[in-house]
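One structure is given here, and the rest of the page talks about it.
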Amino acid sequence: MSKFRNLVIATALTAPLAVPAFAEPFGLGRAALPEEIAAWNLDVSPDGTGLPPGSGSVADGEELFSDRCAVCHGEFAEGVDNWPKLAGGMDTLNRKDPLKTVGSYWPYLSTVWDYAHRSMPFGNAQTLSADETYAIVAYIIYSNDLVDDDFVLSNENFLEVEMPNADGFIVDDRETVEYPEFSKPACMENCKESVEITAHATVLDVTPNDPNDDAPAAEAPATDAPAEEAAAPAAEAATEVAAAAPAEVDPALVAAGETVFKKCKACHKIGEGAKHATGPSLNGVVGRKAGGADGFKYSPAMIAAGEGGMVWDHETIGAYLKDPKGFVPKNKMSFAGLKKDDDVAAVLAYIEATGQ
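Right, dumping it as structure tokens:
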């Protein structure tokens, strides 16, 4: 019996495993419907494949760009702070520090359309309709002097737009030229004794500020003026824009403010469970000292304003929304400001109603 058992075990250990063949499909799921495939198949090729029907004018694009894009890219696509410039830079690619924009560098207009439609506006991606995307792209190429101000971009004339740097690229030959070099055994001799981080990108001022970056904040310029004097421009601006806080909440105004607040929510969160993002949470901002939200890394300018006695109320928030850089100079907020008084009033109502 023992010999027989050992034989069975030995046979089991040495015999090849039998892998069953699946003669029948599992029968799970179903074939994707054409509309489901279309919902995922969003890429647009340089030859225009994938472009949906639609059109948009430079004039419409200017208004859309101002509302959806200018906070980061500037009213004329010139860029705000370190956010990308989309226009300019012609004839700079042969320089040591070229300016790579849509007009100076991008070879295909399809890339502009595809990226804007998929990923923009920042924090609110895939909310642009096809016509809105055509209009915004039309304004971008107009800002690069590629079309006239009465131009209307559509899927029918899309390929007629000539990009200046369309022939400025070479065939990718890294597989035959670079890969053989990079795949050689590593040298592993005469290496540096230690590798250290010498600077952070935010300190070098080459990327937009991120409050979650652990890099040390840049020191404020030395000054003998007390904090109260540093905050004086903010206090003076507040009196100029002063307006009495509404005694009662206007639901229509709050609803309008929620719509306008879409320009802000890429950086600021408000409402139940809101946390700090690129900008501080706006919960409880009314009545809070400037630079006073716990856990957020403010700019030295904003901290100085708070130390000088500035408190966020109806007047100061309104003044800041109209001109952030002018109201608190050298703060790190990249938003260019709300141009319309009605938009300021609406956002104020929304913040006061939602963030308390």
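Those letters in the sequence shown? Residues -23 to -1, 1 to 333, by mature numbering (1 follows the signal peptide of the UniProt record, and there is no 0).
Note that CB positions come from ideal geometry on N, CA and C, so glycine has one too.
By Cβ distance below 8 Å, which residues in the same chain neighbour L315 in space, the five residues on each side in sequence not counted?
V237, K240, L298, K299, V321 and V324
Within 8 Å, strictly: CB atoms of S81 and P23:
No, they are not a contact pair.
Residue span of the beta strand (DSSP E) that contains G33, given as start and end:
S32 to S34
So, under 8 Å CB-CB, K242 and G100 are touching, yes? Tell me the CB distance rounded to an integer number of Å.
6 Å
Proximal residues to W90 (C-beta, below 8 Å), its chain only, five neighbours per side dropped
V21, L28, T110, Y111, V114 and F135
What distance in whole Å lies between the Cβ atoms of A278 and N308, which are believed to be in contact at a cut-off of 8 Å?
About 5 Å separates the beta carbons of N308 and A278, which is inside the 8 Å limit, making them a contact pair.
Host alpha helix (DSSP H) of L298 (start-end)
Boundaries of the alpha helix (DSSP H) around L298: H291 to K299.
Do the CB positions of I118 and V138 come within less than 8 Å of each other?
Yes; because the gap between Cβ atoms is below 8 Å, this pair is in contact.
Taking 7 Å as the cut-off, is the beta-carbon of D122 closer than that to any non-hydrogen atom of the ligand SAH?
Of the ligands one can find in the structure shown there are none, so the ligand SAH has no counterpart to examine.
Helix, strand or coil for V114? Go by DSSP, reduced to three states.
If DSSP states are grouped into helix, strand and coil, V114 belongs with the helices.
Nonlocal neighbours in the same chain, by C-beta distance under 6 Å from E39, ignoring five residues either side
Y116
Determine which residues share a DSSP beta bridge with K266 and list them.
V288
G268 classed as buried or exposed, judged by whether at least 16 other C-beta atoms fall within 10 angstroms
buried
On the DSSP bridge assignment, give the partners of S131 in chain order.
S32
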